[in-house]
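Chemist: Quick note on numbering: this note's numbering labels position 166 of the sequence shown as 639, and the sequence is numbered without any gaps.
Mind looking over this structure? Questions follow.
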Amino acid sequence: MQWALMTLLDPIYSVENLIYIGYAGDPSSAIRLTRRRRLDRKKQQSDRNVYQCFVFGPKEAGKSAILNSFIGRPFPEEYQSTTGDQYAVNVVDLGGAKKSLVLREIPEDEVKKLLSSKDALADCDIAIFVHDSSHEASWKRAADLLVDVASHGEATGYEMPCLIVAAKDDLEPYLTEIQDSTRVSQDLGIEAPIPISTKLGDFSNLFRRIVNAAEHPHLSIPETEAGRSRKQYHRLVNRSLMFVSGLKFMLSFRTYTLLPSCQTFPLEEHLRAIDFDPLRYYLDFNDLERSSR
Ligand SMILES: Nc1nc2c(ncn2[C@@H]2O[C@H](COP(=O)(O)OP(=O)(O)OP(=O)(O)O)[C@@H](O)[C@H]2O)c(=O)[nH]1
Ligand SMILES: [Mg+2]
Numbered sequence: 474m475q476w477a478l479m480t481l482l483d484p485i486y487s488v489e490n491l492i493y494i495g496y497a498g499d500p501s502s503a504i505r506l507t508r509r510r511r512l513d514r515k516k517q518q519s520d521r522n523v524y525q526c527f528v529f530g531p532k533e534a535g536k537s538a539i540l541n542s543f544i545g546r547p548f549p550e551e552y553q554s555t556t557g558d559q560y561a562v563n564v565v566d567l568g569g570a571k572k573s574l575v576l577r578e579i580p581e582d583e584v585k586k587l588l589s590s591k592d593a594l595a596d597c598d599i600a601i602f603v604h605d606s607s608h609e610a611s612w613k614r615a616a617d618l619l620v621d622v623a624s625h626g627e628a629t630g631y632e633m634p635c636l637i638v639a640a641k642d643d644l645e646p647y648l649t650e651i652q653d654s655t656r657v658s659q660d661l662g663i664e665a666p667i668p669i670s671t672k673l674g675d676f677s678n679l680f681r682r683i684v685n686a687a688e689h690p691h692l693s694i695p696e697t698e699a700g701r702s703r704k705q706y707h708r709l710v711n712r713s714l715m716f717v718s719g720l721k722f723m724l725s726f727r728t729y730t731l732l733p734s735c736q737t738f739p740l741e742e743h744l745r746a747i748d749f750d751p752l753r754y755y756l757d758f759n760d761l762e763r764s765s766r
């Protein structure tokens with residue numbers, strides 16, 4: 474597992490270490506390069522064996538408690554704020570297939586710095602957004618983080634599946650917790666929030682659900698308002714281009730049929746002569762129609 478984590482974080486260092494300890498085979502055969510997530514999304518499946526999950530959430534949401542329990546550490550009653558990156562790695566059994574899962578806690582204060590880089594989410598196969606379900610402010614902050622991260626993914630092409638985790642389910646939830654978080658998950662088109670209590674050891678299959686979502690990289694991808702408008706705009710532009718191309722073909726064909734049979738004017742030549750401007754097609758068409766009379 475340490476090898477999996479080290480290779481994921483620093484593959485060159487990993488290979489150097491292999492050579493150093495006297496690995497007999499070809500060191501490059503010891504690591505496997507997987508295809509880009511964008512391609513995985515197109516193929517609608519991922520064949521990776523190691524997944525990295527970014528754990529976002531406001532301070533005191535319960536992120537470290539999740540990481541600790543993932544590696545079998547006892548529940549920490551005393552709160553100690555995390556500074557810097559913290560990782561936890563373990564194997565998740567999916568009923569036969571075993572996958573390594575790396576959880577990386579991203580402290581709230583470091584999100585801004587992380588997202589200042591264009592490739593910030595390149596290594597993130599899946600992200601979870603943890604909030605303390607007994608505090609409204611914690612949920613609001615987690616929802617803002619989710620929109621920020623999802624927007625960054627949409628803008629950079631590194632979209633990934635996201636899950637909402639409602640932590641501290643053993644405490645009384647704030648009044649409209651379930652409605653609020655369910656509504657946001659529906660608006661963004663992702664799975665309903667997952668309630669867990671790390672204190673009681675009740676995880677609602679969280680780790681399996683994380684791996685399962687990572688294995689289906691085309692699902693559970695949040696779609697923000699901005700992302701939706703951008704997609705609609707691209708769709709509109711594509712449709713207009715298709716319309717203009719269709720128009721070009723139709724007009725060219727009609728022009729050709731209108732020419733007297735004695736005139737030799739190959740269709741290919743005419744297609745080459747006109748460009749994408751519909752107004753010009755109209756003029757071309759009229760000129761040729763007139764000249765053919
Ligand atoms: N009752 C209850 N308390 C929890 C649970 N999970 C975490 N806590 C408590 O919540 C506090 C914060 O937990 P952490 O896991 O340190 O929170 P964090 O999100 O890592 O906080 P930062 O590192 O500051 O960002 C600690 O006092 C934990 O004991 C839970 O499931 N139930
Ligand atoms: Mg922490």
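Every residue, glycine too, gets a C-beta built ideally from N, C-alpha and C.
Please list the segments of the alpha helix (DSSP H) lying wholly inside the stretch 591 to 647, counting only runs of 4 or more residues, in order along the chain.
Modeler: Runs found: 609 to 629.
Chemist: To the nearest angstrom, how far is it from the Cα of isoleucine 485 to the Cα of aspartate 596?
Modeler: To locate residue 485, count along the sequence shown from 1; it is residue 12. To locate residue 596, count along the sequence shown from 1; it is residue 123. Between isoleucine 485 and aspartate 596, the C-alpha separation is close to 16 angstroms.
Chemist: So is the beta-carbon of glycine 535 under 7 angstroms away from any non-hydrogen atom of ligand 1?
Modeler: As a working mapping, residue 535 is identified with position 62 in the sequence shown. Yes; taking the cut-off as 7 angstroms, the Cβ of glycine 535 has a heavy atom of ligand 1 nearer than that.
Chemist: Taking C-alpha atoms, which residue in Asn522, Arg511, Phe529, Phe722 lies nearest to valine 620?
Modeler: Within the sequence shown, residue 620 is the residue found at index 147, counting from 1. Among Asn522, Arg511, Phe529, Phe722, the Cα nearest to that of valine 620 is on Phe529.
Chemist: When we look at the beta-carbon of glutamate 762 and count the other beta-carbons within 10 Å, is it buried (16 or more) or exposed?
Modeler: Locating residue 762 in the sequence shown gives position 289, where the first residue counts as 1. Interpretation of glutamate 762 is limited by its pLDDT of 47, a score under 50 that renders its predicted location unreliable; the figure taken from the coordinates is listed afterwards. Classification of glutamate 762: exposed, given that the 10 Å Cβ count is below 16.
Chemist: With DSSP collapsed to three states, give me the class of proline 751.
Modeler: Numbered from 1 along the sequence shown, position 278 holds the residue referred to as residue 751. Only weak support exists for where proline 751 lies, its pLDDT of 47 falling under 50; the value from the coordinates is given anyway. In the displayed model, proline 751 falls within a helix according to three-state DSSP.
Chemist: Excluding the 5 residues preceding and the 5 following valine 564 in the sequence, name in chain order all residues of the same chain whose CB lies nearer than 6 angstroms to its CB.
Modeler: Within the sequence shown, the letter at position 91 stands for residue 564. So the list reads Lys571, Ser573, once near-sequence residues are dropped.
Chemist: For a test of the three-state rule: what should DSSP assign to serine 654, helix, strand or coil?
Modeler: Counted from its first residue, the sequence shown places residue 654 at position 181. Serine 654: helix per DSSP, three-state reduction.
Chemist: Can you tell me where the alpha helix (DSSP H) holding arginine 682 begins and where it ends?
Modeler: Here the question's residue 682 lines up with position 209 in the sequence shown. First-last of the alpha helix (DSSP H) with arginine 682: 679 to 688.
Chemist: Could you check the C-alpha separation between valine 684 and tyrosine 524 for me, to the nearest Å?
Modeler: As a position in the sequence shown, residue 684 is number 211, starting the count at 1. As a position in the sequence shown, residue 524 is number 51, starting the count at 1. Roughly 7 angstroms separates the two Cα atoms.
Chemist: My output table needs one value for asparagine 522: the three-state DSSP class, helix, strand or coil.
Modeler: Numbered from 1 along the sequence shown, position 49 holds the residue referred to as residue 522. If DSSP states are grouped into helix, strand and coil, asparagine 522 belongs with coil.
Chemist: Taking 8 angstroms as the limit between beta carbons, can you name the residues of its chain near cysteine 526, skipping five residues before and five after?
Modeler: Taking the sequence shown and counting its residues from 1, one reaches residue 526 at position 53. Within the same chain, cysteine 526 has close Cβ partners Leu574, Val575, Leu576, Arg577, Cys597, Asp598, Ile599, Ala600, Ile601, Ile683, Ala687.
Chemist: Pick from Gly626, Gln659, Arg656, Ser607: whose alpha carbon is nearest that of proline 646?
Modeler: What you label residue 646 is simply residue 173 of the sequence shown in a count that begins at 1. Checking every option, the nearest Cα to that of proline 646 belongs to Ser607.
Chemist: Would you say aspartate 642 and tryptophan 612 are within 8 angstroms of each other, going by their C-beta atoms?
Modeler: Position 169 of the sequence shown holds residue 642. Position 139 of the sequence shown holds residue 612. Contact flag unset, no.
Chemist: Exposed or buried, histidine 625, counting other C-beta atoms within 10 Å across all chains shown (16 or more means buried)?
Modeler: As a position in the sequence shown, residue 625 is number 152, starting the count at 1. Classification of histidine 625: buried, given that the 10 Å Cβ count is 16 or more.
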